[in-house]
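Peer 1: My structure is below; once you've seen it, I'll send some questions.
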Amino acid sequence: MNYKDFYTSSINQPEKFWAEQADAIEWYNKPEIILSKDQNGYPLWYKDGELNICYLALDKHIQDGYGDQVALIYDSPVTQTVKKYTFSEVKSEVAKLAGGMQSLGLKKGDTAVIYMPMIPQAAFAMLACARIGVTHSVVFGGFAPHELAIRIDDCKPRLIITASSGIEVDRLITYKPLVDEAIELASHRPKKVIVLNRKLGARVPFKKYDVDYDALVYGSEEVPCVPLNTTHPLYILYTSGTTGKPKGVVRDTGGCAVALKFSMQHIYNVKEDDVFWAASDVGWVVGHSFIVYGPLINRNATVIFEGKPIKTPDASTFWRVISEHKVNAMFTAPTAIRAIKKEDPNGDFIKKYDLSSLKTQFLAGERCDIATLEWYAEHIPVPAIDHWWQTESGWPMIANMMGVEQLPIKRGSVGKAVCGYDIKIFDEEGTEVGPNEQGYVVIKLPLPPGTLLDLWNDNPRFKAGYLEQFPGYYFSGDGGYKDDDDYIFITGRVDDVINVAGHRLSTSEMEEIVSSHNSVAECAVIGINDALKGQTPLALVVTKLNDSIEHFQLEQEIIQLVRQQIGAVASLRNVVIVERLPKTRSGKTLRKLMRSIADGDDYQIPSTIDDEAIVEEIASVLEKYEIGTYNKKQH
Numbered sequence: 043m044n045y046k047d048f049y050t051s052s053i054n055q056p057e058k059f060w061a062e063q064a065d066a067i068e069w070y071n072k073p074e075i076i077l078s079k080d081q082n083g084y085p086l087w088y089k090d091g092e093l094n095i096c097y098l099a100l101d102k103h104i105q106d107g108y109g110d111q112v113a114l115i116y117d118s119p120v121t122q123t124v125k126k127y128t129f130s131e132v133k134s135e136v137a138k139l140a141g142g143m144q145s146l147g148l149k150k151g152d153t154a155v156i157y158m159p160m161i162p163q164a165a166f167a168m169l170a171c172a173r174i175g176v177t178h179s180v181v182f183g184g185f186a187p188h189e190l191a192i193r194i195d196d197c198k199p200r201l202i203i204t205a206s207s208g209i210e211v212d213r214l215i216t217y218k219p220l221v222d223e224a225i226e227l228a229s230h231r232p233k234k235v236i237v238l239n240r241k242l243g244a245r246v247p248f249k250k251y252d253v254d255y256d257a258l259v260y261g262s263e264e265v266p267c268v269p270l271n272t273t274h275p276l277y278i279l280y281t282s283g284t285t286g287k288p289k290g291v292v293r294d295t296g297g298c299a300v301a302l303k304f305s306m307q308h309i310y311n312v313k314e315d316d317v318f319w320a321a322s323d324v325g326w327v328v329g330h331s332f333i334v335y336g337p338l339i340n341r342n343a344t345v346i347f348e349g350k351p352i353k354t355p356d357a358s359t360f361w362r363v364i365s366e367h368k369v370n371a372m373f374t375a376p377t378a379i380r381a382i383k384k385e386d387p388n389g390d391f392i393k394k395y396d397l398s399s400l401k402t403q404f405l406a407g408e409r410c411d412i413a414t415l416e417w418y419a420e421h422i423p424v425p426a427i428d429h430w431w432q433t434e435s436g437w438p439m440i441a442n443m444m445g446v447e448q449l450p451i452k453r454g455s456v457g458k459a460v461c462g463y464d465i466k467i468f469d470e471e472g473t474e475v476g477p478n479e480q481g482y483v484v485i486k487l488p489l490p491p492g493t494l495l496d497l498w499n500d501n502p503r504f505k506a507g508y509l510e511q512f513p514g515y516y517f518s519g520d521g522g523y524k525d526d527d528d529y530i531f532i533t534g535r536v537d538d539v540i541n542v543a544g545h546r547l548s549t550s551e552m553e554e555i556v557s558s559h560n561s562v563a564e565c566a567v568i569g570i571n572d573a574l575k576g577q578t579p580l581a582l583v584v585t586k587l588n589d590s591i592e593h594f595q596l597e598q599e600i601i602q603l604v605r606q607q608i609g610a611v612a613s614l615r616n617v618v619i620v621e622r623l624p625k626t627r628s629g630k631t632l633r634k635l636m637r638s639i640a641d642g643d644d645y646q647i648p649s650t651i652d653d654e655a656i657v658e659e660i661a662s663v664l665e666k667y668e669i670g671t672y673n674k675k676q677h
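In my numbering, the protein residues as written are 43 to 677.
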């Protein structure tokens, strides 16, 4: 079937379409109620079904005779380790870990936090939780204790699973002291902490609540999968919100399983037995969907990569992994390709490797610039597919559906709407706009299976953030437009969340930290264009009257504050002192105006501004500090 007919059937007959897709996975009790609503009136898929996603990822393949097939390839250039695990080997360790968790008192309905580096045991921990109905919340290992503590207090885990350390390019990061500090900061106290000692030299302070990972697995029996209702929360994944308080996106079990199987086959065009590599982290939604659950459900070998695109040891790493493990489809953020391009502009490393196994390169996480796509096309003759989705959706919303029909690629566009997503472009009044006219990207309800069920313990915020601005539609928070051929172009966030190398970070949370500095009277943090990371934060600071602190000292102290509270992932490097911030007469800071000035974009001074002279002042300061891409001649 071609894309147009396939997509149209999903929009016009959603229940029939998604009932057919549900047949692609195995259920303990197959759902008869395909589409209904929850107690709040929000659409619900397959509510009477029963299944287990760990069974689909592991046990089913073993029962079908594929136990000796490779399920997981661990490639760690930072520890110089390559190890392959079969489906039988993964299932054995996962089932024993799940048994050990049960022996510690964990049961269906409990929550657990996983705070680990990119190692196989991170995936094992996720699958073990899913096996026994424990809802997991993976927290990216780079986050500081303060951020971890916020998540502990929100999801109240009975257990934390961690490792002794993670490894960055040039340093060892000790995880266990960070976890201990987070527990001290949090109001909620987990009962136990399972610690995997990687024996890399990191200090592992012992606490009474600690349990050794290896000893627990060795001393436990394998336990079977627990049948779970479709709507049982598989996981909570926190994403930055505009208030500074992270939002706990809740994903169900059944809809997620159906959507990920559908994605692997119809979007990524990955066949069973193929090797799939999502070069991301299990702390992000890509890691959940397309490092762990999606590939394993589809019986693919999945690559867990502990390293960076460059400096581990150089810009050849990605090509070595593809060549060595015969990767068929790869998914990474444009940031990674830009970093490689910067280190190896002529593609000399690419020529050293046999990349004939690679069929498709997928890109997502932030907007991919045309220059990067052109560089990739020049050096690697496979389709480079930019596509768009969110933590909230859990799987692609706009893409070139390679497993249905490969449509012409338009650089700058993320493709066309994926099956199940009825995407519109609205103006502020909720009226659909015409082709090539920018507006708000919204999706008509019901969203397809596998998308967010709710926010953890915060339904009012869920409704206010996603559903109330345009009744009957999900508001993505992004702006964009459609062209005459229904290709969709995403122009960026319309709120104060910025995208740094594929990581969504709240500028309002950074502002709270910056403003806590003794010398700061007022501040604004904005995201400015960055050739490598997509966006980086810039802090504009008004110092207190008569404060004589030197710019360099203030900048270093603020950078350190943000690192302590959020982590290095925030990438705050530039702090600029200004006399005042541009505001409306009602006192609203004009962040979008400052972003446009810094990025050298055309801008319109709003009629509500309290003093037009501030615009030239901000422009002069940014030019003085050589921040962003500002070019005075444009204005």
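Glycine included, every Cβ here is placed at the ideal spot set by N, Cα and C.
What's the C-alpha gap between Glu-654 and Gln-122?
Peer 2: Straight-line Cα distance between these residues: approximately 58 Å.
Peer 1: Do you know whose CA, among Thr-295, Trp-60, Asp-196, Glu-189, lies nearest Leu-169's CA?
Peer 2: Checked all of Thr-295, Trp-60, Asp-196, Glu-189; the closest Cα to Leu-169 is Thr-295.
Peer 1: Between the C-alpha atoms of Ala-167 and Ser-662, what's the straight-line distance to the nearest angstrom?
Peer 2: Near 52 Å, if we compare the C-alpha coordinates of Ser-662 and Ala-167.
Peer 1: Report the residue ranges of all alpha helix (DSSP H) runs contained in full by the region 328-372; include only those spanning at least 4 residues, in chain order.
Peer 2: Counting only runs of 4 or more, we get 336-339, 359-367.
Peer 1: Going by the CB atoms, is the gap between Val-620 and His-545 shorter than 8 Å?
Peer 2: No, they are not a contact pair.
Peer 1: Starting from the N-terminal side, write out each stretch of the beta strand (DSSP E) that is 3 residues or longer and does not extend beyond the region 282-322.
Peer 2: For the region 282-322, whole beta strand (DSSP E) runs of length 3 or above, ordered along the chain, are 289-294, 317-320.
Peer 1: From the DSSP output, which residues share a beta bridge with Gly-522?
Peer 2: Gly-522 pairs with Gly-481, Ile-532.
Peer 1: Roughly how many angstroms lie between the CA atoms of Arg-380 and Lys-58, to the nearest whole one?
Peer 2: Looking at the two C-alpha atoms, the distance is approximately 42 Å.
Peer 1: Figure out for me which residue from Asp-528, Ile-532, Pro-376 has the closest Cα to the Cα of Pro-450.
Peer 2: The option with the nearest alpha carbon to Pro-450 is Asp-528.
Peer 1: Name the DSSP bridge partner or partners of Ser-548?
Peer 2: Answer is Val-539.
Peer 1: If I measure Cβ to Cβ from Leu-614 and keep anything under 6 Å in the same chain, skipping five residues before and after, which residues do I get?
Peer 2: Excluding residues within five positions, the ones whose Cβ falls inside 6 Å are Pro-579, Ile-601, Val-604.
Peer 1: Can you tell me whether Asp-323 is buried or exposed? The criterion is at least 16 other CB atoms within 10 Å of its CB, across all chains shown.
Peer 2: Per the 10 Å Cβ criterion, buried.
Peer 1: For Lys-679, which option in Lys-524, Pro-337, Ala-320 has the closest C-alpha, if you only look at C-alpha atoms?
Peer 2: It is not possible to answer for residue 679, since the shown part of the chain is limited to 43 through 677.
Peer 1: Grab the span of the beta strand (DSSP E) containing Tyr-116 for me, first residue to last.
Peer 2: Run containing Tyr-116: 112-118, per the beta strand (DSSP E) assignment.
Peer 1: Return yes when at least one heavy atom of the ligand HEM lies under 7 Å from the C-beta of Asn-94, else no.
Peer 2: With respect to the ligand HEM, the structure shown offers nothing to examine, as it has no ligands at all.
Peer 1: Using the Cβ count rule (16 or more neighbours within 10 Å means buried), how would you classify Ser-590?
Peer 2: That one is exposed.
Peer 1: Report the CB separation of Gly-576 from Pro-355 in whole angstroms; it is logged as a contact under 8 Å.
Peer 2: That pair is no contact at about 25 Å.
Peer 1: For my contact list, Val-536 and Gly-514 are in at a C-beta cut-off of 8 Å; report their separation, rounded to the angstrom.
Peer 2: Rounded, the Cβ-Cβ distance is 19 Å, inconsistent with contact.
Peer 1: Starting from Asn-442 and walking both ways along the alpha helix (DSSP H), at which residues does that stretch end?
Peer 2: That residue, Asn-442, is in no alpha helix (DSSP H); it is neither H nor E in DSSP.
Peer 1: Can you tell me which of the three DSSP states Ile-104 falls into?
Peer 2: Residue state, collapsed to three classes: helix.
Peer 1: Quick one: Cα of Leu-279 to Cα of Gln-595, how far?
Peer 2: Near 36 Å, if we compare the C-alpha coordinates of Gln-595 and Leu-279.
Peer 1: Between the alpha carbons of Lys-303 and Ser-52, how many angstroms are there, rounded?
Peer 2: In a straight line, the C-alpha of Lys-303 is about 16 Å away from that of Ser-52.
Peer 1: For the putative contact between Pro-219 and Val-155, defined by C-beta atoms under 8 Å, what is the C-beta separation to the nearest angstrom?
Peer 2: The Cβ separation is near 16 Å, so there is no contact.
Peer 1: Can you tell me which of the three DSSP states Glu-564 falls into?
Peer 2: In this structure, Glu-564 counts as strand in the three-state DSSP scheme.
Peer 1: Cβ of Glu-18 within 8 Å of Cβ of Val-567?
Peer 2: This structure gives no information on residue 18, because the portion of the chain shown stretches from 43 to 677.
Peer 1: Can you tell me which of the three DSSP states His-178 falls into?
Peer 2: His-178 falls in the strand class under three-state DSSP.
Peer 1: May I have the straight-line CA-CA distance separating His-330 from Asn-388, to the nearest angstrom?
Peer 2: Approximately 34 Å, taken between the alpha carbons.
Peer 1: Could you check the C-alpha separation between Asp-106 and Lys-126 for me, to the nearest Å?
Peer 2: Rounded to the nearest angstrom, the two C-alpha atoms are 20 Å apart.
Peer 1: So, for Asp-526: in the same chain, excluding its five sequence neighbours on each side, which residues have a beta-carbon less than 8 Å away from its beta-carbon?
Peer 2: The residues are Pro-477, Asn-478.
Peer 1: Is the separation between the beta-carbon of Gly-277 and that of Thr-344 shorter than 8 Å?
Peer 2: Checking the sequence shown, residue 277 turns out to be Tyr, not Gly. Not in contact: Tyr-277 and Thr-344 (Cβ atoms no closer than 8 Å).
Peer 1: Flag this pair as yes or no: are the beta carbons of Pro-159 and Ala-205 separated by less than 8 Å?
Peer 2: Yes, Cβ-Cβ distance for Pro-159 and Ala-205 is below 8 Å.
Peer 1: How close, in whole Å, do the beta carbons of Val-221 and Ile-202 come, if the pair is a contact with beta carbons under 8 Å?
Peer 2: Indeed, because the Cβ distance is near 6 Å, the residues count as touching under 8 Å.
Peer 1: Examine the Cβ distances between the region 85-94 and the region 480-491 and report whether three or more of them are shorter than 8 Å.
Peer 2: Verdict: yes, contact present.
Peer 1: Identify every run of the beta strand (DSSP E) within the region 566-599, keeping only runs that are complete inside it and at least 3 residues long; order them along the chain.
Peer 2: Fully enclosed beta strand (DSSP E) runs of 3 or longer: 576-585.
Peer 1: Report the rounded CA-to-CA distance for Phe-332 versus Ala-66, giving the unit in angstroms.
Peer 2: In a straight line, the C-alpha of Phe-332 is about 18 Å away from that of Ala-66.
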